[in-house]
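Residue numbers (full-length UniProt numbering): 1 to 296.
So the structure is just underneath, and the comments pick up after that.
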């Protein structure tokens, strides 16, 4: 005899929502929370975009204004042309693309080995990786910089080269953990069937695991690109040559010679790619983070 599934528990009892006062309070609280959190996230972006439309004198006024008194949209064009932001955008794109490629290769292979190949002391290795997430970035800054300055055994200096950004980006414990959790959910029957057909570990990875891992690969890719695009401190230390700097470091370098409204315009343009990526792939982000249950 089939038994009825228990009703899901919520913060507000269904009986309370049937009452007019309960519905009013629920909608009021929900609307207040949504408006508050939306304003907290959207207002800084509005302040950035609207600040670029103001004049430098208005920005220097000690009494800030919510709306510009006079609009100066030409500050965006001036910021782009006078500072050569296009070159810095290309530098950032190159660094992000390289970091994405290195992260996918290294992190996917590491997660696949820990999940399906199961080496000796694999859990110990995974635990040591996850332990690095408990350390602040500042604690790893000095040893990572010393490693980049003089690669052990090879004695190669990577300063002012893209590899100073790409190689440290490979060691991403969070991405490895997310990938491993997804690979763990892939049925072993599929892997065993591929082995019976004569497929080796590499072929299983390429033809069985990766086609099923597209959602989580999209998440890892987005995190990799966003992480490099918004990073500031590490590129500033490892790329002192202005010719190879990303846009975040370049704007900080050019801040002393740029009017305030042009600086804000440059910051707004630098933020546009990340906003576009998030708006286009927000469903993929949630689907990839919650993926991992396969039926059949």
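Built from N, CA and C at the ideal position, the CB exists for glycine as well.
**Proximity winner among 264, 82, 61, relative to residue 53 (alpha-carbon distances)** = On the chain shown, position 53 is the one that residue 53 refers to. For residue 53, the nearest C-alpha among the options comes from 264.
**Request:** Leaving aside the five residues before and after residue 110 along the sequence, list all residues of the same chain whose C-beta is less than 7 Å from its C-beta, in chain order.
**Result:** Taking the first residue of the chain shown as 1, we reach residue 110 at position 110. Once the five neighbours on either side are set aside, the close Cβ partners of residue 110 are 176.
**Request:** Confirm, please, whether the CB-CB distance from residue 190 to residue 208 is below 8 Å.
**Result:** Here residue 208 refers to the residue found at position 208 of the chain shown. Here residue 190 refers to the residue found at position 190 of the chain shown. In contact: residue 208 and residue 190 (Cβ atoms closer than 8 Å).
**Message:** I'd like to know whether the C-beta atoms of residue 259 and residue 249 end up nearer to each other than 8 Å.
**Reply:** The sequence position of residue 259 within the chain shown is 259, counting from 1. The sequence position of residue 249 within the chain shown is 249, counting from 1. With respect to the 8 Å criterion, residue 259 and residue 249 are not classified as neighbours on the basis of their beta carbons.
**Burial state of residue 46, where buried means 16 or more other Cβ atoms lie within 10 Å** = Along the chain shown, read from residue 1 onward, the residue named residue 46 stands at position 46. Label assigned to residue 46: exposed.
**residue 152 versus residue 274 - alpha carbon distance** = In the chain shown, residue 152 corresponds to position 152, counting from 1. In the chain shown, residue 274 corresponds to position 274, counting from 1. Their Cα atoms are separated by approximately 35 Å.
**Request:** On a CA-only basis, which of 76, 19, 70, 94 is nearest residue 225? Give me that one, please.
**Result:** The sequence position of residue 225 within the chain shown is 225, counting from 1. That would be 94, whose Cα lies nearest to the Cα of residue 225.
**Request:** Measure from the alpha carbon of residue 167 to the alpha carbon of each residue in 144, 187, 280, 127, then state which is nearest.
**Result:** Position 167 of the chain shown holds residue 167. Cα-wise, what sits closest to residue 167 is 144.
**Prompt:** Under 8 Å between the Cβ atoms of residue 277 and residue 222?
**Reply:** Stepping through the chain shown from its first residue, residue 277 is reached at position 277. Stepping through the chain shown from its first residue, residue 222 is reached at position 222. Yes.
**Request:** Could you tell me how far apart the beta carbons of residue 91 and residue 246 are, in whole angstroms, since I believe they sit closer than 8 Å?
**Result:** Taking the chain shown and counting its residues from 1, one reaches residue 91 at position 91. Taking the chain shown and counting its residues from 1, one reaches residue 246 at position 246. With a Cβ gap of about 5 Å, residue 91 and residue 246 count as contacting.
**Item:** residue 160 versus residue 241 - alpha carbon distance
**Value:** Within the chain shown, the letter at position 160 stands for residue 160. Within the chain shown, the letter at position 241 stands for residue 241. Answer to the nearest angstrom: the Cα atoms are 6 Å apart.
**Request:** Kindly indicate the opening and closing residues of the alpha helix (DSSP H) around residue 182.
**Result:** By one-based count along the chain shown, residue 182 stands at place 182. Note, residue 182: alpha helix (DSSP H), 173-184.
**Prompt:** How is residue 160 classed by DSSP in three states: helix, strand or coil?
**Reply:** For the purposes of this step, residue 160 is identified with residue 160 of the chain shown, where counting begins at 1. Residue state, collapsed to three classes: coil.
**Prompt:** Does the distance from the C-beta atom of residue 193 to that of residue 48 stay below 8 Å?
**Reply:** For the purposes of this step, residue 193 is taken as the residue at position 193 of the chain shown. For the purposes of this step, residue 48 is taken as the residue at position 48 of the chain shown. Result no, Cβ atoms of residue 193 and residue 48 do not sit closer than 8 Å.
**Message:** Looking only at its chain, what residues have a beta carbon closer than 7 Å to the beta carbon of residue 85, apart from the 5 residues adjacent to it on each side?
**Reply:** Reading the chain shown from its first residue, position 85 is the one you call residue 85. Cβ within range, chain order: 79, 247, 266, 269.
**Assigned secondary structure, residue 56 (DSSP; H/G/I helix, E/B strand, else coil)** = On the chain shown, position 56 is the one that residue 56 refers to. Residue 56: helix per DSSP, three-state reduction.
**Message:** For residue 217 and residue 129, what's the separation of their Cα atoms in angstroms?
**Reply:** Residue 217 sits at position 217 when you count from the first residue of the chain shown. Residue 129 sits at position 129 when you count from the first residue of the chain shown. Answer to the nearest angstrom: the Cα atoms are 19 Å apart.
**Request:** State the Cα-Cα distance for the pair residue 120 and residue 88, rounded to the nearest angstrom.
**Result:** Locating residue 120 in the chain shown gives position 120, where the first residue counts as 1. Locating residue 88 in the chain shown gives position 88, where the first residue counts as 1. Here the alpha carbon of residue 120 sits roughly 45 Å from the alpha carbon of residue 88.
**Request:** Return yes when the Cβ of residue 157 is within less than 8 Å of the Cβ of residue 103, no when it is not.
**Result:** Mapped onto the chain shown, residue 103 falls at position 103. Mapped onto the chain shown, residue 157 falls at position 157. Their beta carbons are not under 8 Å apart, which means residue 103 does not touch residue 157 by this criterion.
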